[in-house]
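Written out below as structure tokens is the structure these notes cover.
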């Protein structure tokens, strides 16, 4: 006898929408930390975010149906935090600290919904813009990216036959597990999933996190994805992002205020958070200038997250800075998170092992490595360099210089002004593949 | 909402037996062809079959629970052919010929059930014996082997966690697909699944056949498994096996009758079958002697299936024999079926391409290649050389000499007598791994 659950079958064949983002917790943890600070200190600032496809050769609006994208974004806008999600946020300990979220913020968050978006197609690309209060628009970054990336992989696989899907996922799993086995040779590894925004799909990210958990045990320290952290009892991992210095700098009324912005943000941050959440992201306007002008108190912070410098040079510069401040780097942490894969993780691990504490935030190549897994070539499965960046705050242009000029964003005149204040990049341009 | 089909769930948690063989058609096609001939010509012969584990280092009775084995064998004994199976056997064309099965045989078959078995454990091995009419005992070979092999892989995987199973099957699929991709480079390939007896499991065999179908298209000419052939509209493939000459030789009352036995069997065969079913299995008592004494009419047969000679030497000897009889080998067929894998298939294909028609019967390394796929080493997943051979007929010992002395079976005195009649092996001993 063949048993079919008729209700499930009928549900399937009356299929309307398979939502990509089904929970507001399906986002990166740092968004909540930053949102709480923005809610407390910058409640009236307006910020505009925009989707930017750095892989210009890929014409997103030709691969993805605009109506499908609207349907997914609209669905995400219907979401609010559920009761049990709110209870978990209030009751869980993060980074060993209880009640990290304040009651007034949580009360406000309980009614939060994603704000409206503006979408059109221009020359084969989507112009997707989020305008409104910073507290609101900032929350679109991760769901917008996850939606576009998953719609793209769905489109690429639409023509696959049942068996081709089977082979593709079997090979992707085999490939992923080879990476895990490679990482098993690093006994002191600390690694975290940072792959939400670039994931192939939600279910695939969940599988990858499970693979890390099974294969690396305690060496997997957590996931940036709050929903996965909650569902699988992992630590939610993350601290802060470039949008904080970018917005504060955009708001600066003088050159002096602009120059002070990167440190002002850190003072704001430590008025909210302590301990392991005190991680500096130094590269927004160039790591070299940042370290040269950094105040002494910053040496007390737990660590740095170099995000665009070449990892070995960038790490060495940070270690040198600690040493110059009389700090033993072995008591400090560097979080590597830029374009990692198992081979680069291995290289960086061996280079710094024993000299500094390290952890790795593994993103795109963890959750979206489908290169060469399909039985027939399918370039639509290759990950692209898609970001969602703040482009202006209170009407003033926002700029990111980065340690890698290929990752700079912002209006050219504003970029010129920032370069005059912060100095030229300390590292050469490197190809941005993901 | 999480939807669970409660009936299915309860069925699962009251799990009693997951039968390995669920249909009498889950056997190799040649068994039915041979059974029809035995039913017609040797209805009163009694034959005893026995399980023989040539991989003596593997203690089957320590890996597999005897009670589980009994439960599976008992379940198989409850089976009869279903009505639609009988209709398919009667109505389908095999090798392009309709009504290959005669009405009297089909009428008898409709009530057929597997006969009793005798099972005990001796020194860590199973002594599994089938005694009775040849028509009945012969049908145990394939289900008995499939059951023991699948119970062994189930035992090996019993300790696997959910995720380890996931990785193991993903890797096995990736490995299998690499083989398929390799075979795609052979444009004139004709290949068939011969992997029922040694399969990892029924479901895995089905997947492997599907993979060949997807990857090789028309180059997959069929499956030896009658159930899979029926369910997937493939050709059922197979002709005859060593048991025919072994039994006829055992029954021989004189040295002359013994020497004539291998050819007597072929006369019997062609009184039942024609065309592409006229395939000679020449190695039962050594291919060299067989070819030297073969009658001229045999050159009219469609082809040979060398099953224990080294494939290139064996194939060359057969081609030389055809040539000596004035036959163009390009009008004849060689079916290779001994210990093949994608690399040996490739080698043999290139060696003989254009000189003779070829097809390949791919067994163990198609349906049971789980070497190195488990996250933790699991030798219980490595295929073993398990056979189920006729050991006596009407109380007289049955012997197989084979082209590979490592594959010889039978009572030592009887083997000596057969060597005196048929001559010594023409090829050296080769390791039997599967």
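Protein chains in written order, with the working numbering: chain H, 1 to 434; chain S, 1001 to 1434. Note that the Cβ used here is the ideal one computed from N, Cα and C, for glycine as well.
**Study point:** Contacting residues, own chain, Cβ-Cβ under 7 Å from residue 1366 of chain S (five flanking each side not counted)
**Key:** 1193, 1195, 1208
Review point. Between H/347, H/295, H/35, H/45, which lies nearest to residue 252 of chain H when the distance is taken from Cα to Cα?
Key: H/45
Check your understanding: Which full runs of the beta strand (DSSP E) of 3+ residues lie inside the region 1223-1304 of chain S, going along the chain?
Key -> none
Exercise for review: Identify, in the order they occur along the chain, each residue of the same chain with its Cβ nearer than 7 Å to the Cβ of residue 62 of chain H, setting aside the five sequence neighbours on each side.
Suggested key: 124
Point to revise | Buried versus exposed call for residue 1141 of chain S [16 or more other C-beta atoms within 10 Å across all chains shown] | key: buried
Check your understanding: Taking the Cβ atom as the reference point for each residue, do residue 1119 of chain S and residue 1197 of chain S lie within a distance shorter than 8 Å?
Key -> no
Check your understanding: So, using beta-carbon positions, are residue 1434 of chain S and residue 1407 of chain S closer together than 8 Å?
Key -> no
Point to revise | Beta-carbon contacts of residue 262 of chain H that lie in its chain and below 7 Å, excluding the five residues immediately before and after | key: 245, 284, 285, 290
Review point. Can you find a C-beta in chain S that's less than 8 Å from the C-beta of residue 16 of chain H?
Key: no
**Study point:** Length of the line joining the Cα atoms of residue 1417 of chain S and residue 1238 of chain S
**Key:** 31 Å
Check your understanding: Taking a cut of 8 Å between CB atoms, which residues from the region 408-422 of chain H lie near chain S?
Key -> none
Review point. DSSP state of residue 356 of chain H, grouped into three classes?
Key: coil
Exercise for review: Starting from residue 131 of chain H, trace the beta strand (DSSP E) both ways and give me its first and last residue.
Suggested key: 125-133
**Study point:** Amino acids of chain S, ordered along the chain, whose beta-carbon sits closer than 8 Å to that of residue 177 of chain H
**Key:** 1167, 1170, 1171, 1375
Review point. Would you report the Cα separation of residue 23 of chain H and residue 85 of chain H, rounded to the nearest angstrom?
Key: 9 Å
Check your understanding: Shortest alpha-carbon distance to residue 106 of chain H belongs to which of H/81, H/4, H/287, H/121?
Key -> H/81
Review point. Just by C-beta distance, which residues in the region 1196-1214 of chain S are closer than 7 Å to chain H?
Key: 1210, 1214
Point to revise | residue 183 of chain H versus residue 1028 of chain S: straight-line alpha-carbon distance, rounded | key: 45 Å
Point to revise | is_contact[residue 174 of chain H, chain S] using C-beta, thresh 8 Å | key: yes
Review point. Between which two residues does the alpha helix (DSSP H) harbouring residue 1323 of chain S extend?
Key: 1311-1324
**Study point:** Distance between residue 1003 of chain S and residue 8 of chain H (C-alpha atoms, nearest Å)
**Key:** 8 Å
Exercise for review: Would you mind reading off the limits of the alpha helix (DSSP H) that contains residue 1035 of chain S?
Suggested key: 1029-1041
Point to revise | Cβ neighbour criterion (16 or more within 10 Å) applied to residue 1242 of chain S | key: buried
Check your understanding: Is it the case that the Cβ atoms of residue 258 of chain H and residue 421 of chain H are separated by a distance below 8 Å?
Key -> yes
Point to revise | Straight-line Cα distance separating residue 19 of chain H from residue 230 of chain H | key: 20 Å
Exercise for review: Look up residue 1393 of chain S in the DSSP assignment and give the residues it is bridged to.
Suggested key: S/1047, S/1396
**Study point:** With 16 other Cβ atoms within 10 Å as the buried cut-off, status of residue 1322 of chain S
**Key:** buried
Review point. Is the CB-CB distance between residue 402 of chain H and residue 48 of chain H below 8 Å?
Key: no
Review point. Going along the chain, which residues of the region 279-306 of chain H sit with their C-beta nearer than 9 Å to a C-beta in chain S?
Key: none
Exercise for review: Report the rounded CA-to-CA distance for residue 435 of chain H versus residue 148 of chain H, giving the unit in angstroms.
Suggested key: Nothing about residue 435 of chain H can be reported from this structure: the residues present for chain H run from 1 to 434 only.
Review point. Where residue 99 of chain H and residue 166 of chain H are concerned, what is the direct C-alpha to C-alpha distance, given to the nearest angstrom?
Key: 44 Å
Review point. Beta-carbon of residue 1005 of chain S versus every beta-carbon of chain H: anything under 8 Å?
Key: yes
Check your understanding: In terms of residues, what are the limits of the beta strand (DSSP E) holding residue 193 of chain H?
Key -> 191-193
Exercise for review: Take residue 409 of chain H and list the residues in its own chain whose beta-carbon comes closer than 6 Å to its own, dropping the five residues that flank it on each side.
Suggested key: 389, 400
Check your understanding: Mind checking whether residue 362 of chain H and residue 381 of chain H have CB atoms under 8 Å apart?
Key -> no
Check your understanding: Can you tell me whether DSSP reads residue 109 of chain H as helix, strand or coil?
Key -> helix
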